[in-house]
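The numbering of the sequence shown is full-length UniProt numbering, which starts it at 1 and goes up by one. No residue lacks a Cβ here, since even glycine has one placed at the ideal position from N, Cα and C. Since we're looking at a predicted model, the values are computed, not measured.
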Amino acid sequence: MAVEKVNLSEKLGRITEYWSPRIAATLNGQHVKLVKLLGEFVWHHHDDEDELFLVVRGRLVMRLRDREIEVNEGEFVVVPCGVEHQPYAAEEVEVLLFEPADTLNTGNVRSAHTVDAPASI
1 MAVEKVNLSE KLGRITEYWS PRIAATLNGQ HVKLVKLLGE FVWHHHDDED
51 ELFLVVRGRL VMRLRDREIE VNEGEFVVVP CGVEHQPYAA EEVEVLLFEP
101 ADTLNTGNVR SAHTVDAPAS I
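Written out as structure tokens, the structure is:
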């Protein structure tokens, strides 16, 4: 496999759908995914996987059952496995996700936002 750099702005510029993660890289059984978010996602949790949300551009609100965490550009939040959460973006936000390759984006629920097999970008 060739060693290549990834330009986040270029890759994110190719994404036109919201809530549809794309695989930007794979390492050690993990996926680095890029996604654009707008509006609210479904409440869900992941039984076995932690998730990292790094805000590249914009502002993400990570809703938890007991509080909300505002995540701004250059910041990230890790949601541990088993913690119910709901990502929310009042305006478009660009996010880098880091999670195990077999992580389903909607975790323990299925919805119109479920992406069974994210495409590479």
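Rounded Cβ spacing between residue i and residue j (contact assumed at less than 8 Å)
i	j	result
V56	L96	6 Å
N105	V115	5 Å
V3	S20	About 27 Å separates the two Cβ atoms, so there is no contact after all.
R14	A119	Between A119 and R14 the Cβ distance is about 11 Å, and since that is not below 8 Å, they are no contact.
A117	T26	A117 to T26, Cβ: 14 Å. No contact.
L64	V83	7 Å
Closest Cα partner of residue i within the set the options
i	options	result
H45	P80, N7, F98, P118	P80
G39	D48, V32, R59	R59
N108	E49, Y18, F98, E17	E49
E75	V61, Q86, G82	V61
A90	F53, E70, V83, V6	E70
H31	T103, R110, H113, S111	T103
V6	G29, K33, E17	K33
Limits of the beta strand (DSSP E) - the one that residue i falls within
i	result
G13	Unbroken run through G13 is the alpha helix (DSSP H), 8–13; no beta strand (DSSP E).
Residues bridged to residue i (per DSSP)
i	result
S120	I23
V42	The partner list for V42 (beta bridge, DSSP) is empty, contrary to what the question assumes.
H31	T26, E99
V55	V95
K5	Answer by DSSP bridge pairing: none, since K5 is not bridged.
In chain order, what are the residue ranges of uninterrupted beta strand (DSSP E) at least 3 long that sit wholly in the segment 58–97?
Fully enclosed beta strand (DSSP E) runs of no fewer than 3 residues occupy 59–64, 68–72, 76–79 of the segment 58–97, in order along the chain.
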